[in-house]
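Participant: Protein chains in written order, with my numbering: chain F, 5 to 332; chain B, 8 to 286; chain H, 1335 to 1638. Here a beta-carbon is modelled for each residue, glycine too, at the ideal position from N, C-alpha and C.
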Amino acid sequence: MAIAPQIVRADAGTPPLVSIHDRGLGDVVYRGVILFFALCVPLLVVLVAWEIARAGWPALHRFGFSFLTSSEWNPVKQIFGAAPAIYGTLVSSAIALALAASLAIGVSVWLSEFSPRSLRQPVAFLVDLLAAIPSVVYGLWGIFVLLPVLRDPVMPFLRDRLGLGHTAFFAGPAYGPSMLAAGLILAIMILPYIASVSREVLLAVPRSQREAALALGATRWEAIWHAVLPHARTGILGGVILGLGRALGETMAVTMVIGNRPEISASLLAPGYTMASLIANEFSEASSDAHLSALMAVGFTLFVITIVVNAAARWLVWRVERGARVSA
Amino acid sequence: MPVPVLEFGSGVAARTGEARALTPPSVRPRLAVESLDAWFSAAQALRDVSLTVPDGTVTAIIGPSGCGKSTMLRCLNRMHETVPGARTEGHVLLDGRDLYARGVDPISVRQHIGMVFQRPTPFPTMSIRGNVAAGLRVRRPRPSRSECDAIVEQALQRAGLWDEVRNRLGASATALSGGQQQRLCIARALATRPEILLLDEPTASLDPVSTQAVEELVRDLRGDVTILIVTHNMQQAARVSDRTAFFLAGEMVELAPTERLFTSPSDPRTEAYITGRFG
Amino acid sequence: MSAGAAASRPSDRQRAVRDRTRRGLARRKVVNGIMLGVLGLCVVLVTLPLVLILAHLLRTGAGALDVAFFTRMPAPVGEREGGMANAIVGTLILVGVAAAVGVPVGVGAGVYVAERRGSWLATTVRFLSDVLNGLPSIVMGIFAWQFLVRPVGHFSALSGGVALGAMMIPMVTRTTEEMVRTVPVSLREAALALGYPRWRTALVVVLRTASAGIVTGALVALARVAGETAPLLFTAFGNQFWSTNVTQPIAALPLQIFTYAISPYDDWHRLAWAGALVLIAIILVLSLIARAATRNRFDASAGA
Chain F
5 MAIAPQIVRA
15 DAGTPPLVSI
25 HDRGLGDVVY
35 RGVILFFALC
45 VPLLVVLVAW
55 EIARAGWPAL
65 HRFGFSFLTS
75 SEWNPVKQIF
85 GAAPAIYGTL
95 VSSAIALALA
105 ASLAIGVSVW
115 LSEFSPRSLR
125 QPVAFLVDLL
135 AAIPSVVYGL
145 WGIFVLLPVL
155 RDPVMPFLRD
165 RLGLGHTAFF
175 AGPAYGPSML
185 AAGLILAIMI
195 LPYIASVSRE
205 VLLAVPRSQR
215 EAALALGATR
225 WEAIWHAVLP
235 HARTGILGGV
245 ILGLGRALGE
255 TMAVTMVIGN
265 RPEISASLLA
275 PGYTMASLIA
285 NEFSEASSDA
295 HLSALMAVGF
305 TLFVITIVVN
315 AAARWLVWRV
325 ERGARVSA
Chain B
8 MPVPVLEFGS
18 GVAARTGEAR
28 ALTPPSVRPR
38 LAVESLDAWF
48 SAAQALRDVS
58 LTVPDGTVTA
68 IIGPSGCGKS
78 TMLRCLNRMH
88 ETVPGARTEG
98 HVLLDGRDLY
108 ARGVDPISVR
118 QHIGMVFQRP
128 TPFPTMSIRG
138 NVAAGLRVRR
148 PRPSRSECDA
158 IVEQALQRAG
168 LWDEVRNRLG
178 ASATALSGGQ
188 QQRLCIARAL
198 ATRPEILLLD
208 EPTASLDPVS
218 TQAVEELVRD
228 LRGDVTILIV
238 THNMQQAARV
248 SDRTAFFLAG
258 EMVELAPTER
268 LFTSPSDPRT
278 EAYITGRFG
Chain H
1335 MSAGAAASRP
1345 SDRQRAVRDR
1355 TRRGLARRKV
1365 VNGIMLGVLG
1375 LCVVLVTLPL
1385 VLILAHLLRT
1395 GAGALDVAFF
1405 TRMPAPVGER
1415 EGGMANAIVG
1425 TLILVGVAAA
1435 VGVPVGVGAG
1445 VYVAERRGSW
1455 LATTVRFLSD
1465 VLNGLPSIVM
1475 GIFAWQFLVR
1485 PVGHFSALSG
1495 GVALGAMMIP
1505 MVTRTTEEMV
1515 RTVPVSLREA
1525 ALALGYPRWR
1535 TALVVVLRTA
1545 SAGIVTGALV
1555 ALARVAGETA
1565 PLLFTAFGNQ
1575 FWSTNVTQPI
1585 AALPLQIFTY
1595 AISPYDDWHR
1605 LAWAGALVLI
1615 AIILVLSLIA
1625 RAATRNRFDA
1635 SAGA
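Listed below in C-alpha cells is the structure:
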C-alpha cells in the first residue's frame, strides 16, 4: 500500500505529495492477479491441444492420413481407422441441423415478430430450458421413450408404409439404436442454441426495416421474408453453425442411442458411431497403448474440427455485431 | 460543543465551526496554473491557460459548450489524464508545489483536491454513511470508526443534508432524490477536508429547489474552502462566485472579479457571450 | 369516347389489372396466413419435446423417488433398497471443486478483458475463451485424464472437479465481462477523484457494483456443469461406496444415471429416472438462486 503522506500542519508548508515511486504495490498486485487469471485461458487452450496431440501422436504417426480415411476400427487387431466415427459425426450432425435449423429459426421468427407480448417471455423461457437439460437425461429419455417409439411404429412406417426402405437411406433392419435416433436427439439438443442466436439477431433488426416494408403494402410475412430475414441472414447462419459445433461434440445422449457400432452404413436406420461416442465408449476399456493413442487421436481430430466450426460461427456473429454498430 | 475536525492537509488552519465565518479569505494565491495545455488525442482542448486562485475564494468558470471548462477543472486534480489518449503540459501549483512535476503521484494529488461531478454519483452498493466516509478509507492514518462517524456528521451538516438523513444513515444511497444525492456527493467530497473543491456543473441535473440549496452551500463554504465551479448558468456564477473566468475555444479570455466581469468586461468576446449574442 | 366517360368508367385493361391485383392480394394474404400457421407449428414442435421429456421425467422419476433414495447407497442388483446418497454428495463436492477453479479464473479473466478492452491480449483471451466454450466436454475429459489422472495413476474427484471448472471458465468470463462493462464510467471517476488508487477503484467500486451479476453468472455456469457426464467418465470415474475424499474416485449423479440407464436391470432403470429428476431439481434450484440474487439487487436500488 502507498506510504502515508506526511501530515504537515498549519502554516504555508508545501502540501505533502507522495512521489510516484512510493506508491503502487496495490496496483501492481491487482494488475498481476488479473493478468495471471486472464493468461490461464490461452494457457488452458494450448495445454489441452498439446496434451491431446502428444498422446495421439503415436497413432497418427503410425497410420498417417489413413487414420482419417480407413474404415476399419479393430482394437483386437490394433488397426485403427476413424472414418466410421468421422462419418457418423458428420451424418448425425447433418440430420440434426436439417431438422433443427428451420424449426429454431421458425420459433425465433414467431417470437420476434408474431408472438403476443404475454407469450413472449414464457415461450422464450421454455426454448432456453431445452439447453438446461443435461445430456445424460436426454439420453435416458432417448433410450426409454424415443427408441421404443422409433422401433415400432416409426421406423417400420418409414421403411415399409412409405416405401422408403427401397432407398439406401432406410434399408436394412431397424432395431432402434440408429443414426436417425441420434440425429433426432441432437436436433432437440441444439435447437435452443440456434434459436437463441437467431432471436437476438432478429430483435436487433431495426424497426424501420419492417415498417418500411409494411408501408409499401407488404403483408407481415412478406415484410419478414423480404426485409427482416435478409438483414439477419448472416447472424442466423452464425447461429446455425454454432449449433453444428454443438452437435459435433455432443457425447452422452448420442452414445446412448446410436448403437455404437464402428461401421459406415448409408442407412439411417442402422447403428453407427460418432467420434465423441467412440471415445466415451472405449476409453475406459482401452486395451493397449495403441488403442489409447488412437482414441486420443480421435479426440484431437474432434478438437480441431469443433474449433474450426466454432471459430467460423463466432466470426459470422462478430461480423453481424460490427455491421450493426456501424449502421445503427 | 465544536465537532472535532481531523486534518489531512496543510494550508487550511484548524478551525472550529464557530470561528469559520470570522476569518477572511487570505490573499495568497492558493492555486496557480501556468501555461496549461491539454489534448484529447490529437485535438487540443486547452491552450496556454494561466490563472491564479486566491485562498478561500469561489471562482466560477463560464463559457459556451465545448470551450474546455470541464477539461480545465479536470486538469487541476489530474483526472484529465485518466481518459485514454489524453495529455497535459504545463504546471499547476498548489501552494507552490507543482502537481505535474515528475514523480508526483496523481492519486496523492486527488487526495488533496475534491471533486463533484455533473451527475450525482453515489456508490450504489454503499449506505449513506458509507458513501460519505468513502474518501476516508483511503486516507492514512485511517480514522477510527467513531472519528469517521463524527466526520460524516460534520460533512453532512456542511452539505445541508444532515437533518434529512440523520435517521437513516444505513440506508442505501440510491434511495435519495437527485438533489439529495448531489448534496451527498458534496458531503463525500467535503469529508476529506480537501484544500481545493472542484464543482463541475453541480446543479446541471437538479431541480430549482436543490439548485438553490447547493448554491447556498457554496456561499457557506466561502472562506473555508477554495472553490472552483464550472457553470453554464451565468446567473449562478454571478450569485455564488467572487471571481469569474470566461473560456472560449480552449483559451481563457478573461478573469476578473465577478461583478466587474458581468458589468464591464474588458474583452469584446466576453461581452458578446454575457449579453447572449452566442453560447 | 369522350374523356369524361373514359375517366369515370374503368377500361377493360384497367379492370383486368385491378382484378389481378385483388386476386394477387388475396393469394398473398393466404400465404401470410399459411406461414403464420407454419410458424405456430414450429413453436408447438419445439415445445413439445420439452413437455414430453419433463412430463415423463416427473412421472417415472417421482414414482421411483423416496426418502431412501437420498439416504441409501447403491445396492447390488435385486435388492430393492438402493439409493444415490453418495452420488448426490459427490455431485455437490465436484461442483464445489469446479467453483474453486472456475470462479476465480473466470472472474479474473473477465475483469481483465473488461478493463483492458482493445488490447490485443484482451481480444485474444476473449476469442480463446469462446474457443474453450465450444470444446466438446469429452475432449475436456480426456485432457483431464491425460493431465491429472495418468500421471497420478488413479482417478480422483479433484481431476473431475478441475475438468468441470475448466468448462465453467468461459461462461463466467463472459458474464463477468458484461457485468463489469455495465458499471458506468462516472462511478469509476467518482472513486478516482476521491483519491482511490486504481486497484481499489476496481475492487470497491466496480466489483461491488457488478457483484450481483457476477454471482448470477457463476451460479448459472455451475448449474450447467453440474449436469455434465462426459468429463467425469475418466476422471471422477464413479464410486460404488461412500467417499468424500477428493483424491479418490467419487460418485456423481450424472455418472450414476448413465451407468444405471445402460444396464439391463429394471430396478436400476427406475433409479436412473429418479436420479435424473433429482439432478434437474438441483440445476433448477441453482438457477433460481441465481435469478433471485439479481432480483434482490434491483429491488434494493429501485428508486434511484
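Can you name the residues of chain B whose CB is closer than 7 Å to the CB of Leu1526 (chain H)?
Facilitator: Met86, Thr89, Arg117
Participant: Between the segment 73-93 of chain F and the segment 225-234 of chain F, can you find at least three pairs of beta-carbon atoms closer than 8 Å?
Facilitator: no
Participant: Take the Cβ of Asn1573 (chain H) as the centre, count every other Cβ of all protein chains shown within 10 Å, and call the residue buried at 16 or more, exposed below.
Facilitator: buried
Participant: Between the segment 135-156 of chain F and chain H, which residues of the former have CB atoms less than 8 Å from a CB of the latter, in chain order?
Facilitator: Ala136, Ile137, Pro138, Ser139, Val140, Val141, Tyr142, Gly143, Leu144, Trp145, Ile147, Phe148, Val149
Participant: Name the residues in the segment 81-101 of chain F whose C-beta lies less than 8 Å from a C-beta of chain H; which are they?
Facilitator: none
Participant: Can you list the beta strand (DSSP E) stretches of 3 or more residues lying completely in the segment 119-162 of chain B, in chain order?
Facilitator: Assignment of beta strand (DSSP E) within the segment 119-162 of chain B, counting only whole runs of 3 or more residues, yields 120-123 in chain order.
Participant: Name the DSSP bridge partner or partners of Gly179 (chain B)?
Facilitator: Per the sequence shown, the amino acid found at residue 179 (chain B) is Ser instead of Gly. Ser179 (chain B) pairs with B:Ser134.
Participant: Just how far apart, CA to CA, sit Pro210 (chain F) and Leu1589 (chain H)?
Facilitator: 47 Å
Participant: Going by C-alpha distance, which of H:Val1377, H:Ala1360, H:Ala1421 is nearest Val1612 (chain H)?
Facilitator: H:Ala1421
Participant: Quick check: the Cα distance between Pro9 (chain F) and Ser57 (chain B), rounded to an integer number of angstroms?
Facilitator: Note that Pro9 (chain F) has pLDDT 34, beneath the 50 cutoff, so the model's placement of it is unreliable and no number is given.
Participant: Taking the C-alpha atoms as reference points, what is the distance between Ala199 (chain F) and Ile245 (chain F)?
Facilitator: 12 Å
Participant: Rounded to whole angstroms, what is the Cα-Cα separation between Gly243 (chain F) and Phe253 (chain B)?
Facilitator: 56 Å
Participant: By how many angstroms is the C-alpha of Leu1605 (chain H) removed from the C-alpha of Ile1326 (chain H)?
Facilitator: There is no way to answer for residue 1326 (chain H), as the model of chain H reaches only from 1335 to 1638.
Participant: Using the beta-carbon of each residue, which ones in chain H are nearer than 7 Å to Gly142 (chain B)?
Facilitator: Leu1528, Gly1529
Participant: Mind pulling the chain H residues with CB within less than 9 Å of Arg149 (chain B)?
Facilitator: Within 9 Å Cβ-Cβ: nothing; Arg149 (chain B) doesn't reach chain H, min ~13 Å.
Participant: For chain H, find out if any of its Cβ atoms is closer than 9 Å to the Cβ of Val324 (chain F); answer yes or no.
Facilitator: no
Participant: Can you tell me which of B:Val123, B:Gly283, B:Arg229 puts its alpha carbon nearest to the alpha carbon of Ile193 (chain B)?
Facilitator: B:Val123
Participant: Can you grab the Cα-Cα spacing for the pair Tyr280 (chain B) / Val90 (chain B), in whole Å?
Facilitator: 30 Å
Participant: Using the three-state DSSP reduction, which class does Leu1373 (chain H) fall into: helix, strand or coil?
Facilitator: Of the three classes helix, strand and coil, the one that applies to Leu1373 (chain H) here is helix, per DSSP.
Participant: So with CB distances below 7 Å, who are the chain F contacts of Leu1462 (chain H)?
Facilitator: Val45, Pro46, Val49
Participant: Contact criterion: CB-CB distance below 9 Å. Does Phe287 (chain F) meet it with respect to chain H?
Facilitator: Answer yes: the Cβ-Cβ gap between Phe287 (chain F) and chain H drops below 9 Å somewhere.
Participant: Could you give the first and the last residue of the continuous beta strand (DSSP E) run that contains Ala45 (chain B)?
Facilitator: 36-47
Participant: Answer yes or no: does any C-beta atom of chain H fall closer than 9 Å to that of Glu204 (chain F)?
Facilitator: no
Participant: Rounded to whole angstroms, what's the CA-CA distance from Ala196 (chain B) to Arg54 (chain B)? Just pull it up for me.
Facilitator: 29 Å
Participant: Would you check if there are 3 or more beta carbon pairs closer than 8 Å linking the segment 256-265 of chain F to the segment 312-319 of chain F?
Facilitator: no
Participant: Between which residues of its own chain and Ser116 (chain F) is the CB-CB distance below 7 Å, once the five residues before and five after are set aside?
Facilitator: Excluding residues within five positions, the ones whose Cβ falls inside 7 Å are Arg203, Leu206, Leu207.
Participant: Quick one: give me the first and last residue of the alpha helix (DSSP H) that Thr1303 (chain H) is part of.
Facilitator: Within the shown structure, residues of chain H are numbered from 1335 to 1638, placing residue 1303 (chain H) beyond reach of any answer.
Participant: Using a Cβ distance threshold of 8 Å, determine whether the segment 151-170 of chain F contacts the segment 61-72 of chain F, with at least three qualifying pairs required.
Facilitator: The answer is no - the segment 61-72 of chain F does not touch the segment 151-170 of chain F, with fewer than three Cβ pairs under 8 Å.
Participant: Interface residues of chain F around Trp1607 (chain H) at Cβ under 9 Å?
Facilitator: The contacting residues are Leu144, Phe148.
Participant: Quick check on Arg1352 (chain H) - is its C-beta less than 9 Å from some C-beta in chain B?
Facilitator: no
Participant: Comparing C-alpha positions only, which one of H:Ala1448, H:Gly1371, H:Asp1464 sits nearest to Leu107 (chain F)?
Facilitator: Comparing Cα-Cα distances from Leu107 (chain F) to each of H:Ala1448, H:Gly1371, H:Asp1464, the minimum goes to H:Gly1371.
Participant: Look at Ala1434 (chain H) and Thr1510 (chain H) and say whether their C-beta atoms are less than 9 Å apart.
Facilitator: no
Participant: Identify which residue in H:Leu1528, H:Gln1582, H:Trp1602, H:Leu1455 has its Cα closest to the Cα of Pro1 (chain F).
Facilitator: Since the first and last residues shown for chain F are 5 and 332, residue 1 (chain F) lies out of range.
Participant: Spell out a yes or no on whether the segment 43-50 of chain B and the segment 94-101 of chain B are touching, meaning 3 or more CB-CB pairs, one atom from each, closer than 8 Å.
Facilitator: They touch, by the three-pair rule.
Participant: Nearest chain H C-beta to Ala6 (chain F) closer than 9 Å, yes or no?
Facilitator: For Ala6 (chain F), the predicted model reports a pLDDT of 35, less than 50, meaning its position is unreliable; a value from the coordinates is still stated below. Interface residue, yes.
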